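Here the structure comes first, spelled out in structure tokens, and everything after it is commentary.
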Amino acid sequence: YPLNGAAKGEDPNVDFAQQYLKNYYNLGKDEKQVYRRKDNDPVVKKIQEMQKFLGLEVTGKLDSNTLEVIRKSRCGLPDVGQ
Amino acid sequence: FNTFPGTPKWRKNDLTYRIVNYTQDLPRDAVDSSIKKALKIWEEVTPLTFSRIYEGEADIMISFAVREHGDFYPFDGPGMSLAHAYPPGPGFYGDVHFDDDEKWTEDASGTNLFLVAAHELGHSLGLFHSTDPKALMYPLYNSFTDLARFRLSQDDVNGIQFLYGPPPASPADPKVPTEASPLESGTPPASCDPALSFDAVSTLRGEILFFKGRYLWRKLQWKSKPELHLISAFWPFLPSDLDAAYEVKSMDTVFIFKGNQFWAVRGNDLQAGYPRSIHTLGFPPTIKKIDAAVSDKENKKTYFFVGDKYWRFDEKRLSMEQGFPRFIADDFPGVDGKVDAVLQMFGFFYFFSGSAQFEFDPNARMVTHIFKSNSWLLC
Numbered sequence: 001y002p003l004n005g006a007a008k009g010e011d012p013n014v015d016f017a018q019q020y021l022k023n024y025y026n027l028g029k030d031e032k033q034v035y036r037r038k039d040n041d042p043v044v045k046k047i048q049e050m051q052k053f054l055g056l057e058v059t060g061k062l063d064s065n066t067l068e069v070i071r072k073s074r075c076g077l078p079d080v081g082q
Numbered sequence: 001f002n003t004f005p006g007t008p009k010w011r012k013n014d015l016t017y018r019i020v021n022y023t024q025d026l027p028r029d030a031v032d033s034s035i036k037k038a039l040k041i042w043e044e045v046t047p048l049t050f051s052r053i054y055e056g057e058a059d060i061m062i063s064f065a066v067r068e069h070g071d072f073y074p075f076d077g078p079g080m081s082l083a084h085a086y087p088p089g090p091g092f093y094g095d096v097h098f099d100d101d102e103k104w105t106e107d108a109s110g111t112n113l114f115l116v117a118a119h120e121l122g123h124s125l126g127l128f129h130s131t132d133p134k135a136l137m138y139p140l141y142n143s144f145t146d147l148a149r150f151r152l153s154q155d156d157v158n159g160i161q162f163l164y165g166p167p168p169a170s171p172a173d174p175k176v177p178t179e180a181s182p183l184e185s186g187t188p189p190a191s192c193d194p195a196l197s198f199d200a201v202s203t204l205r206g207e208i209l210f211f212k213g214r215y216l217w218r219k220l221q222w223k224s225k226p227e228l229h230l231i232s233a234f235w236p237f238l239p240s241d242l243d244a245a246y247e248v249k250s251m252d253t254v255f256i257f258k259g260n261q262f263w264a265v266r267g268n269d270l271q272a273g274y275p276r277s278i279h280t281l282g283f284p285p286t287i288k289k290i291d292a293a294v295s296d297k298e299n300k301k302t303y304f305f306v307g308d309k310y311w312r313f314d315e316k317r318l319s320m321e322q323g324f325p326r327f328i329a330d331d332f333p334g335v336d337g338k339v340d341a342v343l344q345m346f347g348f349f350y351f352f353s354g355s356a357q358f359e360f361d362p363n364a365r366m367v368t369h370i371f372k373s374n375s376w377l378l379c
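Just so you know, the protein sequences line up as chains C and Z, in that order.
For the first sequence, my numbering gives the first residue as 1, with consecutive numbering after it.
For the second sequence, my numbering gives the first residue as 1, with consecutive numbering after it.
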């Protein structure tokens, strides 16, 4: 894995985004929480699902636009059903 | 718009609500009027009515709370999660909780109580989040909403009228929206329309699903009347206007096709690695979409119908068989016209073509009956 970041404790944006995906997009407990920025990474897929739902450009990355949107106030209900 | 999985809705039109406690941010009468105004916007486009009660259990119990407040969905302090609500049903279902760590206001200087209440009450009535950024039911709070001229979006109206229909039309009360009724744009299909045709048909764990546009009918073995749902209520990731669907029972999986893609779902869950291209199944590049498909659980073969031909896929070897495509008319004599959908039931194949349905006996190799396509919907 890339040494930058992963070794020295997570990027706070990644932590925040993962909590957001858990709260609103059913990011599972069992899914690897390491954000490896690879297309088959479940976190990347959840980021893409969230970007699609909220009408953002689907990049699968925590780009500035995505980070801005997930810090906005919102309804506490999830966006996908279980 | 989206409804909750299983499409819960109130089975009555006259609902009660109760404001259980108050925030310190606003005078009580400001809270009362904000809630009343929020209820009114839903009342104006449905047959629903809301009566306030002051004690006991109302259908919609409205309260303010902070952090952990007894429902395993703790609030998170100022900002982020503003409120939440539960879909229709008994007890805490239908209830609305506001996070009292927000600064609740009657204007846009803080978090506008009317706007959030209107959104949450949409959940209490059965609407889930919408992907339409203009919709009230879009999950993010829009502090720039013009509160003076607030109106539901067409998406909101389509959603709530999918659940409860339009308000009763009466000349004295022009509640009926002036422009064409939103149902025209998002009208659910009529099960007893004699011209009804289907996009796709599939079994699913003993049930039968009939797909049409954005909707599906769900035929349960123990229930005579089929249920109408939005496809997105079960599979939010699926498109509408599907081409084909079939179940491979041995895999407990339903495969769903649209254009040159197909999805594999088990229950509500999309299987990893999907959607895939249909060409991974072995179709030649000239095939851009399929019309219908059915998987024969007896011989473990899946039949794909495209135009006047069909292919056969071996579910054991997981590959398309040699010697195909063949003409449908050669092996299924009597099945006329483009095939919209196919269902295997009771040892027969049921071919849906427009409003006609051909019952085909594979042993006798002949059509034994012709029905209306919607005969399964018990019109």
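C-beta atoms are modelled at their ideal positions from N, C-alpha and C, and glycine is treated no differently.
Source: prediction; values computed, not measured.
{"query": "Nearest-angstrom beta carbon gap, Cys75/C and Leu238/Z [assumed within contact, 8 angstroms]", "result": "Not a contact, Cβ separation roughly 23 angstroms."}
{"query": "Inter-stretch contact (C-beta, 8 angstroms, three-pair minimum) for the stretch 103-114 of chain Z and the stretch 18-27 of chain Z", "result": "yes"}
{"query": "Met80/Z classed as buried or exposed, judged by whether at least 16 other C-beta atoms fall within 10 angstroms", "result": "buried"}
{"query": "Distance CB(Leu343/Z)-CB(Lys225/Z) smaller than 9 angstroms", "result": "no"}
{"query": "Neighbouring residues, chain C, relative to Leu82/Z (Cβ below 9 angstroms)", "result": "Ser73, Arg74, Cys75, Gly76"}
{"query": "Outcome for Gly347/Z when other beta-carbon atoms lying within 10 angstroms are tallied against a minimum of 16", "result": "exposed"}
{"query": "Own chain, CB closer than 8 angstroms to Pro333/Z, minus 5 neighbours either side, in chain order", "result": "Arg365, Met366, Val367"}
{"query": "Terminal residues of the beta strand (DSSP E) in which Val367/Z lies", "result": "366-372"}
{"query": "Beta-carbon neighbours of Phe128/Z, restricted to chain C and to distances below 7 angstroms", "result": "Gly81"}
{"query": "Paired residues, beta bridge with Val248/Z - DSSP", "result": "Thr253/Z"}
{"query": "DSSP-derived helix/strand/coil call for Asn142/Z", "result": "coil"}
{"query": "Trp389/Z: first and last residue of the uninterrupted alpha helix (DSSP H) it sits in", "result": "Coverage of chain Z is limited to positions 1 through 379, which leaves residue 389/Z absent and any answer about it impossible."}
{"query": "For Ala233/Z, the first and last residue of its enclosing alpha helix (DSSP H)", "result": "231-234"}
{"query": "Proximity below 9 angstroms, CB of Tyr215/Z to CB of His229/Z", "result": "yes"}
{"query": "Which listed residue (Leu147/Z, Glu321/Z, Lys288/Z) has its alpha carbon closest to that of Lys300/Z", "result": "Glu321/Z"}
{"query": "Minimum C-alpha distance to Leu204/Z - residue among Lys219/Z, Thr286/Z, Asp193/Z", "result": "Lys219/Z"}
{"query": "Inter-stretch contact (C-beta, 8 angstroms, three-pair minimum) for the stretch 88-105 of chain Z and the stretch 127-134 of chain Z", "result": "no"}
{"query": "Where the stretch 44-73 of chain Z meets chain C: residues whose CB sits under 7 angstroms from a CB there", "result": "Tyr73"}
{"query": "Beta-carbon separation (whole angstroms), Asn13/C vs Leu54/C, contact threshold 8 angstroms", "result": "About 17 angstroms separates the two Cβ atoms, so there is no contact after all."}
{"query": "Own chain, CB closer than 8 angstroms to Leu147/Z, minus 5 neighbours either side, in chain order", "result": "Asp107, Ala108, Asn112, Phe114, Leu115"}
{"query": "Whole-number beta carbon distance between Val306/Z and Asp330/Z, since they are thought to touch under 8 angstroms", "result": "So it is not a contact: roughly 15 angstroms between Cβ atoms."}
{"query": "Cutoff 9 angstroms: Val44/C Cβ touching any chain B Cβ", "result": "You won't find chain B in this structure, because its protein chains are C and Z."}
{"query": "Residues of the stretch 112-138 of chain Z whose Cβ lies closer than 9 angstroms to any Cβ of chain C, in chain order", "result": "Val116, His119, Glu120, His123, Phe128, His129, Thr131, Asp132, Pro133, Met137, Tyr138"}
{"query": "Best match in Gly165/Z, Phe358/Z, Pro275/Z for proximity to Arg11/Z [C-alpha to C-alpha]", "result": "Gly165/Z"}
{"query": "Asn363/Z, DSSP secondary structure in three states", "result": "coil"}
{"query": "Where the stretch 52-68 of chain C meets chain Z: residues whose CB sits under 9 angstroms from a CB there", "result": "Lys52, Phe53, Leu54, Gly55"}
{"query": "is_contact[Asn363/Z, chain C] using C-beta, thresh 9 angstroms", "result": "no"}
{"query": "Positions along the stretch 261-277 of chain Z whose CB lies within less than 7 angstroms of some CB in chain C", "result": "none"}
{"query": "Beta-carbon gap between Ala65/Z and Asp32/Z smaller than 9 angstroms", "result": "no"}
{"query": "Residues bridged to Ser51/Z [DSSP beta-bridge criterion]", "result": "Thr16/Z"}
{"query": "Close beta carbons around Tyr24/C, own chain, < 6 angstroms, minus the five adjacent residues each side", "result": "Pro78, Asp79"}
{"query": "Buried versus exposed call for Ala195/Z [16 or more other C-beta atoms within 10 Å across all chains shown]", "result": "exposed"}
{"query": "Inside the stretch 85-171 of chain Z only - beta strand (DSSP E) runs reaching at least 3 residues", "result": "96-99"}
{"query": "Under 9 angstroms between C-beta atoms of Ala341/Z and Phe210/Z", "result": "yes"}
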